[in-house]
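Colleague: Below you'll find the structure I mean.
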Amino acid sequence: MRRLKARLTTCLAVVGCCALLAHAEDMPGESGALPKVRITQQEIAAGAVTRESIRQMGLRLFTTPMNRLDGYGDGPMNLEDTVSPGGRPTLQGNGTFLRVNGLDAQSCLECHSIVSAASIPPRLGIGGVGGSIANAIISPTEMDPANLKDLDGKARFNGRFANPPFLFGVGAVELLGLEMTADLQAYAQEALDHPGREIVLLTKGVHFGVLTANTDGALDFSGVTGVDEDLVVKPFGRKGEFATTREFDTGALQFHLGMQPTEVVGRDVDPDSDGVRNEIRPGDLSALGIFTATLERPYMERLSPSAQRGFDAFRDVGCAGCHMPTLDTQRHRLPLRFPEQPSDPWVNVYYQVDLTEAPVKFPRKRRGGITVPLFADLKRHDMGAGLREDFALATEQRNREFTTARLWGVADTAPYLHDGRATTLTDAILLHGGEAQSVRAAFADLSDESKVDILTFLRSLRTPKNPAVKLAASMNRRTPARSKSGKPKKSRKPHKSSR
Ligand code: HEC
Ligand code: HEC
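So that you can map any letter, position 331 of the sequence shown is 646 in my numbering, and since no number is skipped, the others follow by simple counting.
Below is the structure:
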């Protein structure tokens, strides 16, 4: 009881500390960092704004370091739920950052910022991966970093530890997921229409097991693998938990930044009591989604003879069973929907992103779809005890499962695996277990020469060179630099560098 009282007193101290920080109206000369006037959902849906200006708005939302006047951060601590976004405590009551369980950055860019870790110095840019410093530390309630409990070299931790992947190509990945979901939903209907018949869940060459319906109309999911019982394919998040980037982004905004989307919390309310309402509006999430769906995509370099041999070995050894080199879509336009209805991907469409247009530019196939060289199957796999997480909120099975990492761009994205534990490609491969155990063993048994070939092949899978650079330049051209007199500045020739 005394402990509880002590805890409550500290809690109240924290709450009090937050309250000391002034609200927007008491801060003359200060303003939010995001533009006050933003593109609305209605404007996007009505086609009243150009794609370029939507993308620019998305880029702003992705890269602007948000501050308290934008709604950054959580409000006073919620004593009933101190873990979910909205009322989390801050470290040492600093009032702004938490870091362990979110409130860990001011912008998306802070974590998605390395375009190539293979160039020296690394090439920084928009939408890339993060180093280990940018790992998200998700929902722990216990940590033993000094390993004082049993001194076994394993710092116990009951949350998730996740390394940021890049966002290039996400539009095509989302489209693949939607089409696969539509197929799986149709199979479920077929099963219901034919009770007792075993329906094979095969979409785009990926097997998700079998489904049967009982005569009483209940579906038997015991033969289903790699997808949830809602039969919605979820490519996003390393655990395969989100069907669309919009779903992911709604969570990311709240978790990392304490920015509350109206589509989650409601309009004209301030549930985190930080003095800011309507922090993120539907148009913001749409602009963010259109921006990421139109980022440049990863590509494969022309394969050298060694890389070509490596590609063959990659298939022979069984890597391609999960890392499927390509998946084809039927369409070339990604339909964006609001609100989203996960089991019916084609309703409430307000905008279509043509994935064959620059800068994404997938070549269009004769039948109308595109080929996506993602090196994955959008399916979850048991990766064994070695990669297992200790997340207290997940089941044993979910702790062992990860969605197949998409290997396009892998040359540039070290460190590898879900938490970035592998600093070399070989470590990443040798740490595979579970369903990949036999393939891992086959890789380990290869000759040194074949291993080198496979690595050479993987090193030809590259991230885009200058993602969003043109877009950023076009955004800044809109407001030409002005001199004090108000006339546009003459552009100065760059100084010749003295050698
Ligand atoms: C503190 C670092 C951090 C910040 C800040 C951050 N992210 Fe991420 N991002 C991650 C991590 C880690 C993952 C992988 C999460 C997982 O495995 O569940 C991720 C994954 C994603 C994904 C899914 C990609 C995929 O292929 O699975 C999207 C989309 C995304 N982030 C968008 C955003 C947006 C939009 C913002 C800003 C609102 C943002 N992120 C801010 C760390 C960050
Ligand atoms: C049973 C499915 C499966 C097989 C077979 C498989 N992988 Fe993977 N691979 C995965 C999954 C799932 C991950 C993500 C694991 C994680 O994040 O911890 C992954 C991750 C990787 C990564 C790290 C990528 C990154 O961005 O972090 C590399 C590299 C890789 N695999 C290469 C290979 C190679 C080479 C082979 C064949 C020798 C292979 N894999 C076989 C499922 C598989």
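Every residue, glycine too, gets a C-beta built ideally from N, C-alpha and C.
#1: What ranges does the beta strand (DSSP E) occupy inside the region 379-459, keeping only unbroken runs of at least 3 residues that lie completely in it?
#2: So, using beta-carbon positions, are H638 and L722 closer together than 7 Å?
#3: Is V632 helix, strand or coil by DSSP?
#4: Looking only at C-alpha atoms, which of P550, V668, T738 and F653 sits nearest to A257?
#5: Give a single yes or no on whether L568 has its beta carbon closer than 6 Å to a heavy atom of ligand 1.
#6: Check for me: the beta strand (DSSP E) holding I514 runs from which residue to which?
#7: Is the Cβ-Cβ distance between H647 and I605 less than 7 Å?
#8: Helix or strand or just coil, what does DSSP make of R652?
#9: Considering only residues of the region 647-715, which uninterrupted alpha helix (DSSP H) runs meet the minimum length of 4 residues and lie entirely inside it, listed in chain order?
#10: With DSSP as the reference, identify every bridge partner of I595, one or two as the case may be.
#11: Would A311 and S765 qualify as a contact pair, given that the criterion is a beta-carbon distance under 7 Å?
#12: Quick check: is any heavy atom of ligand 2 less than 6 Å from the C-beta of L618?
#13: Per DSSP, what are the beta-bridge partners of D643 in this structure?
#14: Sorry if obvious, but does the Cβ on I744 come closer than 6 Å to a heavy atom of ligand 2?
#15: Could you have a look at M615 and say whether DSSP puts it in helix, strand or coil?
#16: Let me see if you follow: with CB-CB separation under 7 Å, is N450 close to chain B or not?
#17: Please find out if some non-hydrogen atom of ligand 2 comes closer than 6 Å to the beta-carbon of G581.
#18: Taking only heavy atoms of ligand 2 into account, decide whether any of them is closer than 6 Å to the Cβ of R682.
#19: Start and end of the beta strand (DSSP E) containing V521?
#20: Based on Cα-Cα distance, which residue from F483, I359 and K549 lies nearest to V430?
#21: Can you give the Cα-Cα distance for D585 and R592, rounded to whole angstroms?
#22: Per DSSP, what are the beta-bridge partners of V539 in this structure?
#23: Quick check on this structure: which residue in T644, T378 and Q504 has the alpha carbon closest to the alpha carbon of G683?
#24: Hey, is the region 610-618 in contact with the region 375-387, meaning 3+ C-beta pairs nearer than 8 Å?
#25: For P678, does the count of other Cβ atoms within 10 angstroms reach 16, so buried, or fall short, so exposed?
#26: Please confirm whether I441 and P779 have their CB atoms less than 7 Å apart.
#27: Would you say the beta carbon of H571 comes nearer than 6 Å to a heavy atom of ligand 1?
#28: Just the C-alpha distance for I369 and Q356, rounded to the nearest angstrom, thanks.
#29: Considering only C-alpha positions, which residue in the set A348, P654 and D760 is nearest to T565?
#30: Relative to the alpha-carbon of L517, which residue among R681, L642, F758 and L406 has its alpha-carbon at the smallest distance?
#31: Exposed or buried, which one is D768 when buried takes at least 16 other CB atoms within 10 Å?
#32: Measuring CB to CB, does V444 end up less than 7 Å from T728?
#33: Going by the C-beta, is L740 closer than 6 Å to any heavy atom of ligand 2?
#34: Among the residues of its own chain, which have a CB less than 7 Å from the CB of N393, if the five just before and after it don't count?
#35: For F606, which three-state DSSP category applies?
#36: Regarding M698 and ligand 2, is the C-beta to nearest heavy atom distance less than 6 Å?
Modeller: On the basis of the coordinates in this document:
#1: 429-431 and 451-453
#2: yes
#3: helix
#4: Limits of the chain in this structure are 316 at one end and 814 at the other, which puts residue 257 out of reach.
#5: yes
#6: I514 to T518
#7: no
#8: strand
#9: 711-715
#10: P576
#11: One cannot answer for residue 311 here, as it falls past the ends of the chain, which runs 316 to 814.
#12: no
#13: T686
#14: yes
#15: strand
#16: Protein chain content of the structure displayed is limited to a single chain, and chain B is not contained in it.
#17: no
#18: no
#19: V521 to A528
#20: F483
#21: 5 Å
#22: G524
#23: T644
#24: no
#25: exposed
#26: no
#27: yes
#28: 10 Å
#29: P654
#30: L642
#31: buried
#32: yes
#33: yes
#34: G401 and G402
#35: helix
#36: yes
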